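In the working numbering, the protein residues as written are 100 to 183. Using N, Cα and C, we set each Cβ at its ideal position, and we do this for glycine too. All values derive from a computational prediction rather than experimental measurement. Data block below; observations after.
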Ligand SMILES: [Zn+2]
């Protein structure tokens with residue numbers, strides 16, 4: 100995992116290592132990946148992911164959508180346009 104010296108957004112140097120839910124979206128298709136390691140800026144909440152984990156998520160996206168690999172789980176998500 101890469102370590103940041105300072106947050107690119109707010110300049111803070113306080114980070115915490117966590118695992119989070121990552122939502123990958125491309126051309127209207129989604130892949131939710133759980134337990135992705137990242138470092139979170141404790142000041143502004145910006146997340147920093149190691150480059151190899153994002154490559155792995157893209158690879159898994161292609162496996163599922165292009166090569167018909169089975170995901171671990173699947174959900175249906177309701178979608179609405181906001182009406183004031
Ligand atoms: Zn920050």
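Per the C-alpha coordinates, the member of 145, 120 and 127 positioned closest to residue 133 is 120.
Contact check for residue 112 against residue 143 fails: the beta carbons are separated by 8 Å or more. DSSP places residue 130 in the strand class (E or B) of the three-state scheme. With respect to residue 128, residue 164 sits close: the two C-beta atoms are nearer than 8 Å. Per the C-alpha coordinates, the member of 172, 107 and 153 positioned closest to residue 124 is 153. For residue 115, the uninterrupted beta strand (DSSP E) segment begins and ends at 114 to 125. Between the alpha carbons of residue 166 and residue 157 lies a gap of roughly 13 Å.
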